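In terms of this note's numbering, the sequence shown opens at residue 10 and continues consecutively. Accompanying notes for the structure given below.
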Amino acid sequence: MMTTKRDSALILLTLNEIEGLRALWDQLPIAEFREVVALDGGSTDGTQEFFKEKGIPVVVQPIRGRGVAFRCAAEAVSSERLVFFSPDGNEDPADIVRLDDRLLDGADVAIARRFGPGAVNEEDGEFIKLRARVNDTLSQVANRLFYTGPRVYDTINGFRALRRSALLELDTTVKRFPIEYQITIRAMQRGWRIDEVPTKEGQRIGGERKASSWPVGVDHLKVLLTELPRSRLFTA
Ligand SMILES: Nc1nc2c(ncn2[C@@H]2O[C@H](COP(=O)(O)OP(=O)(O)O)[C@@H](O)[C@H]2O)c(=O)[nH]1
Ligand SMILES: [Mg+2]
10 MMTTKRDSAL ILLTLNEIEG LRALWDQLPI AEFREVVALD GGSTDGTQEF FKEKGIPVVV
70 QPIRGRGVAF RCAAEAVSSE RLVFFSPDGN EDPADIVRLD DRLLDGADVA IARRFGPGAV
130 NEEDGEFIKL RARVNDTLSQ VANRLFYTGP RVYDTINGFR ALRRSALLEL DTTVKRFPIE
190 YQITIRAMQR GWRIDEVPTK EGQRIGGERK ASSWPVGVDH LKVLLTELPR SRLFTA
């Protein structure tokens, strides 16, 4: 029986994620997407070989960084809708098609939110929720400064979907982790429709975290400062 594939691209972002990749592979809706591409930051743990065995094309970035990866992805695929997924255990594969569905429904950007009603984040069982507090503050500031639309709860999660043309139009500059924050803020500045899907964030399956909290937090503040001239403070 012929099934119609989604006319969109699933982009798998990896930097040494072999354990997560192996554990999650069977849950990924590979067959549903017209294009599937691995965008790799230079893995040396067998991640690239794993993709090749599965017949997934691997694009290796010239330099590291998630920001670089987002832009390389836009160059590497031809689909108009892009869903970004990182197979490290934090992101729930069941939400991949839900994000694409939000774009089909007309959203410009769709984010899996780890905060707000019905969502769960990694720290929910812990006593001190430092990362959640920082994330929430960054999101509240972004909403206040840049957006008049409905509240966006998770402005920085990397598990998201957006139109390829939108990503190109945003002309992003961030090389590393806060790429998602810059994308969200620039979409807010343009008054674009940002939909969120409540998600359950899981624990990392193996390997190592590449984002260490302190420098990444500072990098987010730098993005905020760079975008500030186009905030509602100066343009409203
Ligand atoms: N393509 C690519 N992926 C990256 C890079 N840095 C991190 N990632 C992937 O992005 C995802 C999130 O990184 P992680 O360190 O878990 O950050 P956290 O989820 O914010 O703690 C993981 O799947 C990483 O393998 C990079 O430079 N290039
Ligand atoms: Mg992670």
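Glycine residues also receive a C-beta, built at the ideal position from the N, C-alpha and C atoms. The model shown is predicted, which means the values in this text are computed figures rather than measured ones.
6 Å Cβ shell around residue i - same chain, five flanking residues per side excluded
{"i": "Thr246", "result": "Lying outside 10 to 245, the shown extent of the chain, residue 246 is not represented and no answer is given."}
{"i": "Val225", "result": "Phe186"}
{"i": "Ile214", "result": "Glu28, Gly29, Ala32 and Gly98"}
{"i": "Ile65", "result": "Val45 and Ala47"}
{"i": "Phe60", "result": "Ala47 and Val67"}
Residue i: first and last residue of the uninterrupted alpha helix (DSSP H) it sits in
{"i": "Phe60", "result": "Thr56 to Glu62"}
{"i": "Pro71", "result": "Note, Pro71: premise wrong, no alpha helix (DSSP H); not H, not E."}
{"i": "Glu44", "result": "Where Glu44 is concerned, there is no enclosing alpha helix (DSSP H), although the beta strand (DSSP E) it sits in stretches over Phe42 to Asp49."}
{"i": "Asp109", "result": "Ile105 to Leu113"}
{"i": "Pro224", "result": "Ser222 to Glu236"}
{"i": "Ala196", "result": "Ile188 to Gln198"}
{"i": "Ile27", "result": "Ile27 to Leu33"}
{"i": "Ser94", "result": "Note that residue 94 is Phe in the sequence shown here, rather than Ser. No alpha helix (DSSP H) contains Phe94, which is instead part of the beta strand (DSSP E) from Arg90 to Phe94."}
Sequence-distant residues of the same chain with beta carbon closer than 8 Å to residue i, five excluded per side
{"i": "Glu89", "result": "Asp16, Ser17, Arg172, Arg173 and Ser174"}
{"i": "Glu217", "result": "Asn25"}
{"i": "Gln212", "result": "Gly98, Asn99 and Glu131"}
{"i": "Val86", "result": "Ala18, Ile20, Glu44, Val46 and Arg173"}
heavy atom of ligand 1 below 7 Å from residue i C-beta
{"i": "Thr53", "result": "no"}
{"i": "Thr23", "result": "yes"}
{"i": "Arg73", "result": "yes"}
{"i": "Glu132", "result": "no"}
Proximity test, residue i beta-carbon vs ligand 2 heavy atom, cut-off 7 Å
{"i": "Arg31", "result": "no"}
{"i": "Asp163", "result": "no"}
{"i": "Asp228", "result": "no"}
{"i": "Arg153", "result": "no"}
Inter-residue CB distance, residue i and residue j (contact presumed, cutoff 8 Å)
{"i": "Ile203", "j": "Val118", "result": "5 Å"}
{"i": "Arg169", "j": "Ile105", "result": "Not confirmed; about 11 Å, so no contact."}
{"i": "Ile188", "j": "Phe79", "result": "5 Å"}
Proximal residues to residue i (C-beta, below 7 Å), its chain only, five neighbours per side dropped
{"i": "Lys219", "result": "Leu24"}
{"i": "Ser240", "result": "Leu154 and Phe155"}
Cβ-heavy atom distance, residue i to ligand 3, below 7 Å
{"i": "Ser221", "result": "Among the ligands in the structure shown, ligand 3 does not appear; only ligand 1 and ligand 2 can be found there."}
Unbroken beta strand (DSSP E) run spanning residue i, endpoints
{"i": "Thr23", "result": "Arg15 to Thr23"}
(request) Determine contact between the segment 136 to 144 and the segment 171 to 187, defined as no fewer than three beta-carbon pairs at a distance below 8 Å. (result) no
(request) Specify whether the segment 69 to 76 and the segment 44 to 51 touch according to this definition: at least 3 beta carbon pairs, one from each stretch, less than 8 Å apart. (result) yes
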